[in-house]
Structures are given as C-alpha cells and as structure tokens.
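Student: Residue numbers (this note's numbering), protein chains in the order written: chain A, 2 to 222; chain B, 2 to 222.
Even for Gly, the Cβ is constructed at its ideal location relative to N, Cα and C.
Input: one structure, supplied below.
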DNA sequence: GAGGTTTGTCAACAGTGTTGACAAATGACC
DNA sequence: GGTCATTTGTCAACACTGTTGACAAACCTC
C-alpha cells in the first residue's frame with residue numbers, strides 16, 4: 002500500500018558508496034546524494050532517520066571486503082593478523098566513514114562478521130571467553146586506532162606521503178638538542194618506513210604480549 | 002606599526018579552550034568564538050589561516066596537562082604507562098579536538114614535550130634509537146587510537162555509558178547462535194568493565210610485547 | 001470511486017567556514 | 001603637523017551543510 006518506493010536502503014547505500022569511492026567521503030552530503038539518485042535530498046530521511054545513520058550503513062558496507070573465513074591450515078595467529086590488517090586497510094580507504102564505525106559498534110552485518118571471526122580465531126588459539134574478549138578489544142583498539150591516525154596521509158599519493166614523513170623527520174632532527182635531546186637523537190628513525198610496517202610491528206608486539214599473558218595465566222591456573 | 006591588535010593567538014586560543022570546556026568542542030565555531038571574544042568572526046582569520054589550524058592549536062593547548070617529568074625513582078615502564086594513560090585521558094575529554102591532533106603531528110610545543118618524554122623513558126629502558134622509535138609509534142597508535150574509540154561514550158554520563166555497554170553486551174548475546182557462536186559465547190565478557198581498564202590491559206600487553214622484542218634482539222645481537 | 005498510507009517534492013530555517021571590500025588606527029617619514 | 005603605508009577589525013555576502021513541516025502524487029483496500 003502507498004506510493005511505490007523508488008528508493009530503498011540498498012539503493013541509497015550503494016549510490017552513497019559509489020559517490021564516496023569516486024569523490025571521497027567528504028562528498029557524501031544529503032544534497033549530492035540526492036542528485037546522484039535523482040531525488041530530493043529530503044527523500045533520504047524516509048529511509049534513514051539522519052545522515053549519521055546513513056553514513057554508518059555506508060561504513061558497514063565497506064567492511065564487506067574484509068575476508069573473515071580462514072584459509073585451510075592457516076594458523077590462528079596468521080588469521081588474526083590478516084583480519085586486522087585488512088580491517089585497517091578498509092578504514093584507511095574511507096577515513097571519514099571509519100570515524101563513524103569507530104564511534105560505536107554499528108552492530109550491522111559486516112561488523113558482526115568480523116567480530117565473530119576474530120573471537121573464533123582467538124578461542125581456537127586457546128583463549129578462554131574472558132581472555133578472548135579482552136584480547137579482542139585490545140586488537141580492535143590498536144587496529145581501528147592506528148587506522149584513525151594513518152588515515153589522513155593515506156588519502157594522499159605515495160610521493161606526498163613520503164615527503165610529509167620526511168618533513169616531519171627533518172623537523173624533529175632540527176629541534177633544539179638541549180631541550181629535546183631524545184627526539185633529536187631518534188629523529189632519523191621516526192616515521193621511517195611505511196605506516197603499514199609500523200602498524201604490523203605494533204600488531205605483532207601486541208599479539209606477543211597477549212599470548213604471553215594467556216600462557217602464564219594458563220600455567221598458573 | 003599598523004592598527005594595534007586587540008586579538009592575539011594566545012587570547013584566541015584561551016577563549017577557544019574556555020568555550021570548549023564550558024560548552025563542548027562542537028560549540029567551537031568561528032561565530033561563537035567571535036562572540037566570546039567580542040569581535041567579528043572573520044577577525045580570527047587574521048591570526049589563524051583557517052579553523053583547522055586554530056583547532057589544532059587548541060588541541061595542543063589541552064595537551065599541556067599531561068605531566069611528562071618522571072617522579073624520582075619511577076621505573077621507566079611506570080613512566081611510560083603513566084604518560085600514555087594521561088595522554089589518553091586528555092583526548093577523551095576533548096574528542097573532536099583530539100581528532101585534529103591525531104590527523105597529523107601538530108609539532109606544537111606540548112606535543113613535542115610528550116614525544117620527548119616517551120622517547121626518553123624508552124631509551125632509559127634500554128631501547129636503541131630505532132627500537133625506541135618503533136616502540137614510540139606503537140604506543141601512540143594504541144593510546145591515541147583507543148582514545149578515538151572510547152571518546153564518544155566518554156562524553157556521556159557514567160550511567161549512560163554503563164547502559165550502552167549493557168545494551169551492546171545483550172545485543173551480542175541475543176544473536177543467532179548458529180551464525181555467530183563465538184560472539185554469543187563471549188558476549189558476557191564484551192564491553193565488560195570500564196574503557197579505562199580495557200585500555201590499560203591492552204597497553205600492558207603491548208608493553209610486554211615490546212620489551213620481549215627488544216630483549217630477544219639484545220640477546221641475539 | 002473514496003479513504004488511508006506511503007513516498008517523494010518543495011521551500012525554508014539555522015547553522016557552518018571563508019572571502020573581498022572597506023574603515024579605523026597606528027608608526028614612520030618628510 | 002600632514003601624508004602614507006601597513007596592520008587589524010568590521011560588514012555583507014557566498015556556497016555550503018543537516019533537517020523539518022506542509023503538500024502532492026501514487027498506490028492498496030474497501
């Protein structure tokens with residue numbers, strides 16, 4: 002009953018995702034999305050109660066590209082590592098939408114898929130429920146958080162990125178060595194290599210710490 | 002020479018900080034800040050090239066409350082832990098400004114103080130320059146990232162926060178157990194306790210992993 | 001065909017950052 | 001003291017943003 006719907010949540014979220022892919026996430030506004038769909042901006046409010054909800058749906062839409070099924074024979078650590086790396090990669094691609102996904106768990110389908118997969122691998126690795134939950138939160142904080150930090154520069158070209166890192170390194174090196182001796186001494190290694198490398202290093206360190214915690218706990222208890 | 006300046010970067014940033022403390026960071030707009038300072042909004046652009054730059058200055062202003070000098074006899078791990086905890090606490094208090102500080106190193110005075118202090122403690126802990134830089138990046142990614150995740154809820158009252166965590170926990174518990182067996186099984190432990198606890202757990206795990214890495218490297222090399 | 005319901009359209013409101021032309025107020029120079 | 005250049009704040013405007021309430025079109029049910 003009622004006037005037939007030209008729009009739908011699916012059509013809207015797909016058009017929004019395409020708009021974001023083509024023109025960046027800052028181009029996602031009610032008016033531009035209305036133009037893309039050939040409808041009035043206010044029509045969107047018939048399907049989403051506000052732009053925030055719409056954007057969270059778009060964010061979850063992008064999470065679909067994270068592969069959560071573990072390959073045959075893949076060690077649980079490798080699976081966790083891979084999921085975190087892919088999750089971060091997705092968020093780097095759409096930083097503004099990632100901000101919404103990160104603000105609160107959307108509890109939409111793709112996010113649930115990832116949560117389930119991470120918990121599955123952790124429990125496969127011998128984590129008890131409480132330990133698995135704690136480890137999950139730690140991994141998410143590092144992964145989503147690192148993405149938040151690296152997102153701004155990730156949007157720029159590799160050349161620009163390297164230049165920015167170089168600028169920062171040189172800036173630290175040029176500081177007053179009497180006031181900032183350690184920053185000056187270490188400057189050559191700050192922002193060295195890629196953000197991906199830095200994240201994977203941190204992820205490995207965190208995983209090692211998490212495993213150590215669960216092992217000592219297991220032997221004690 | 003020229004017309005005497007009624008405004009200055011200091012006056013502006015202080016008024017902005019006060020405005021943020023009293024009415025939240027979303028209240029920081031050119032017009033409201035102009036009202037608070039008794040000047041036209043556009044006058045701000047004589048001192049900051051745009052609102053982004055102004056907001057980054059305000060963000061750095063808040064970083065001043067992080068104490069970076071280590072107490073007498075404080076172990077380096079304890080100092081690192083404390084600095085990270087305080088840094089996160091500051092960012093939780095002003096989430097929108099934290100987003101700007103995190104987007105790129107502001108390289109303003111307070112941020113430099115924190116960077117210097119963290120590197121100092123790490124090197125005191127036996128980290129070689131390259132290892133100290135890597136550890137520094139890991140710690141920042143976790144700390145600033147965790148703040149980004151927890152910021153939204155941190156703004157609400159403790160009661161609302163607990164209620165939100167409870168809602169999420171119950172939502173995970175109510176999922177289809179055939180599709181999400183692990184999420185359902187672990188649901189009771191998800192978002193359990195405070196965000197502070199979860200961060201400190203992750204921080205300790207990361208620190209343990211970082212120490213282990215530097216120790217094995219030290220014994221090998 | 002009449003009524004009810006859903007869905008899209010239109011105009012408007014209250015905000016936002018930002019810019020360019022203008023005026024006020026100074027120090028420097030003659 | 002008068003002129004001039006420079007700095008600094010004011011004003012009006014532009015192009016946006018999300019969002020809402022009144023209205024109309026299009027369908028289903030009776």
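Using a Cβ-Cβ cut-off of less than 9 Å, list which residues of the stretch 149-163 of chain A approach chain B; keep chain order.
Tutor: 149, 150, 151, 152, 153, 154
Student: Beta-carbon of residue 209(B) versus every beta-carbon of chain A: anything under 7 Å?
Tutor: Here residue 209(B) corresponds to residue number 208 of the second chain, with the count starting at 1. When Cβ-Cβ separations below 7 Å define contact, residue 209(B) makes contact with chain A.
Student: Report the neighbours of residue 77(A) on chain B: residues whose CB is nearer than 9 Å to its CB, in chain order.
Tutor: Taking the first chain and counting its residues from 1, the one referred to as residue 77(A) is at position 76. Residues of chain B passing the Cβ test: none, with the nearest at roughly 12 Å.
Student: Consider the Cβ of residue 202(A): report whether some Cβ of chain B lies at a distance smaller than 7 Å.
Tutor: Against the first chain, residue 202(A) aligns to sequence position 201. Closer than 7 Å: yes.
Student: Is the CB of residue 142(B) under 7 Å away from at least one CB in chain A?
Tutor: If you number the second chain from 1, residue 142(B) lands on position 141. Yes, its Cβ sits closer than 7 Å to a Cβ of chain A.
Student: Cβ closer than 7 Å: which chain B residues qualify as neighbours of residue 139(A)?
Tutor: Here residue 139(A) refers to the residue found at position 138 when the first chain is read from its first residue. Result: 202, 203, 206.
Student: Give me the residue from 105(A), 86(A), 11(A) with the minimum Cα distance to residue 151(A).
Tutor: As a working mapping, residue 151(A) is identified with position 150 in the first chain. Nearest C-alpha to residue 151(A): 86(A).
Student: Look at the Cβ atom of residue 227(A), then the Cβ atom of residue 141(A), and state whether they are nearer than 7 Å.
Tutor: What the structure shows of chain A is the stretch from 2 to 222, and residue 227(A) is not part of that stretch, so it cannot be assessed.
Student: Look at the alpha carbon of residue 117(A) and the alpha carbon of residue 42(B), and state the distance between them as a whole number of angstroms.
Tutor: Sequence index remark: in the first chain, residue 117(A) carries index 116 (1-based). Sequence index remark: in the second chain, residue 42(B) carries index 41 (1-based). Rounded to the nearest angstrom, the two C-alpha atoms are 49 Å apart.
Student: Which residues of the stretch 100-123 of chain B have a Cβ closer than 7 Å to any Cβ of chain A? Give them in chain order.
Tutor: Flagged, chain order: 103, 104, 105, 106, 108, 113, 116, 117, 120, 121.
Student: Going along chain A, which residues have a C-beta under 7 Å from residue 183(B)?
Tutor: As a first step, residue 183(B) is located in the second chain; it is residue number 182 there, counting from the start. Under the 7 Å cutoff, chain A gives 117, 120, 121, 124.
Student: List, in order along the chain, the chain A residues whose C-beta lies closer than 9 Å to that of residue 82(B)?
Tutor: Position 81 of the second chain, counted from the start, is the residue given in the question as residue 82(B). Close partners of residue 82(B) in chain A (Cβ separation under 9 Å) are lacking, with about 13 Å as the shortest Cβ gap.
Student: Assess, as a yes-or-no matter, whether the stretch 101-111 of chain A is touched by the stretch 52-68 of chain A under the definition of 3 or more beta carbon pairs within less than 8 Å.
Tutor: yes
Student: Let me see if you follow: with CB-CB separation under 7 Å, is residue 131(A) close to chain B or not?
Tutor: Within the first chain, numbered from 1, the residue matching residue 131(A) stands at position 130. Yes, contact with chain B.
Student: Tell me, please, whether the CB atom of residue 215(B) is closer than 7 Å to any CB atom in chain A?
Tutor: Locating residue 215(B) in the second chain gives position 214, counting from the first residue. Closer than 7 Å: no.
Student: In chain order, what are the residue ranges of uninterrupted alpha helix (DSSP H) at least 4 long that sit wholly in the stretch 109-148 of chain A?
Tutor: 110-125
Student: State buried or exposed for residue 222(B), treating a residue as buried only when at least 16 other CB atoms are found within 10 Å of its CB.
Tutor: Taking the second chain and counting its residues from 1, one reaches residue 222(B) at position 221. Reliability fails at residue 222(B), whose pLDDT of 40 lies under 50, so the model's placement of it is uncertain and the value that follows must be treated cautiously. Classification of residue 222(B): exposed, given that the 10 Å Cβ count is below 16.
Student: On the criterion of 16 or more Cβ atoms from any shown chain inside 10 Å, does residue 57(A) qualify as buried, or is it exposed?
Tutor: Numbered from its first residue, the first chain carries residue 57(A) at position 56. It is buried - the Cβ of residue 57(A) has at least 16 other Cβ atoms within 10 Å.
Student: Measure the alpha-carbon distance for residue 29(B) versus residue 158(B) and round it to whole angstroms.
Tutor: For the purposes of this step, residue 29(B) is taken as residue 28 along the second chain, with counting starting at 1. For the purposes of this step, residue 158(B) is taken as residue 157 along the second chain, with counting starting at 1. Each residue's alpha carbon lies about 21 Å from the other.
Student: When the cut-off is 7 Å and only beta carbons count, does residue 191(B) lie next to chain A?
Tutor: The residue given as residue 191(B) occupies position 190 in the second chain. It does: the Cβ of residue 191(B) has a partner Cβ on chain A nearer than 7 Å.
Student: Under the rule that 16 or more other beta-carbon atoms within 10 Å means buried, what is residue 144(B), buried or exposed?
Tutor: Residue 144(B) sits at position 143 when you count from the first residue of the second chain. With 16 or more other Cβ atoms within 10 Å, it is buried.
Student: Assuming contact is defined by CB atoms lying nearer than 7 Å, are residue 154(A) and residue 173(A) in contact in what I supplied?
Tutor: As a position in the first chain, residue 154(A) is number 153, starting the count at 1. As a position in the first chain, residue 173(A) is number 172, starting the count at 1. No.
Student: Mapping DSSP to helix, strand and coil, what is residue 166(B)?
Tutor: Taking the first residue of the second chain as 1, we reach residue 166(B) at position 165. Helix, per DSSP.
Student: Between 184(B), 74(B), 169(B), 162(B), which has its C-alpha nearest residue 122(B)'s C-alpha?
Tutor: Taking the second chain and counting its residues from 1, the one referred to as residue 122(B) is at position 121. Closest by alpha carbon: 74(B).
Student: With a 10 Å radius around its C-beta and 16 neighbouring C-beta atoms as the bar for buried, classify residue 96(A) as buried or exposed.
Tutor: As a working mapping, residue 96(A) is identified with position 95 in the first chain. By the neighbour-count rule (16 or more Cβ atoms within 10 Å), residue 96(A) is buried.
Student: Step through the CB atoms of chain B and report whether any lies within less than 7 Å of the CB of residue 134(A).
Tutor: Translated into positions along the first chain, residue 134(A) becomes position 133. Answer yes: the Cβ-Cβ gap between residue 134(A) and chain B drops below 7 Å somewhere.
Student: In the DSSP assignment, find the unbroken alpha helix (DSSP H) run with residue 52(B) in it and report its ends.
Tutor: Locating residue 52(B) in the second chain gives position 51, where the first residue counts as 1. Taken as a continuous stretch (DSSP letters only), the alpha helix (DSSP H) holding residue 52(B) covers 52-63.
Student: Within 7 Å (strictly less), CB to CB, does residue 220(A) reach chain B?
Tutor: Walking along the first chain from the start, residue 220(A) turns up at place 219. The predicted model places residue 220(A) with a pLDDT of 49, which falls under 50 and marks its position as unreliable; any figure quoted below should be read in that light. Chain B contact via Cβ: absent.
Student: Going along chain B in order, which residues have a C-beta closer than 7 Å to the C-beta of residue 146(A)?
Tutor: Working through the first chain from its first residue, we reach residue 146(A) at position 145. Those are 142, 143, 145, 146, 147, 149, 150, listed as they occur along chain B.
Student: Considering Cα atoms alone, identify which of 127(B), 148(B), 156(B), 119(B) is closest to residue 138(B).
Tutor: As a working mapping, residue 138(B) is identified with position 137 in the second chain. Checked all of 127(B), 148(B), 156(B), 119(B); the closest Cα to residue 138(B) is 119(B).
Student: Does the stretch 207-214 of chain B come close enough to the stretch 193-210 of chain A that 3 or more CB-CB pairs lie under 8 Å?
Tutor: yes
Student: Using C-beta distances below 6 Å, list every residue in its chain close to residue 1(A), excluding the 5 sequence neighbours before and after it, in chain order.
Tutor: Because residue 1(A) is not part of the residues shown, which for chain A are 2 to 222, the question remains open.
Student: Comparing the C-beta of residue 12(B) with each C-beta of chain A, is any distance below 7 Å?
Tutor: Working through the second chain from its first residue, we reach residue 12(B) at position 11. No, its Cβ sits nowhere closer than 7 Å to a Cβ of chain A.
Student: Within a Cβ cutoff of 6 Å, which residues of the same chain sit near residue 220(B), ignoring the five residues on either side of it in sequence?
Tutor: Taking the first residue of the second chain as 1, we reach residue 220(B) at position 219. Caution applies to residue 220(B), whose pLDDT of 49 falls short of 50 and renders its modelled position unreliable; the model cannot decide the point.
Student: Counting contacts by CB-CB distance shorter than 7 Å, is residue 187(B) in contact with chain A?
Tutor: Indexing the second chain from 1 puts residue 187(B) at position 186. So, interface residue.
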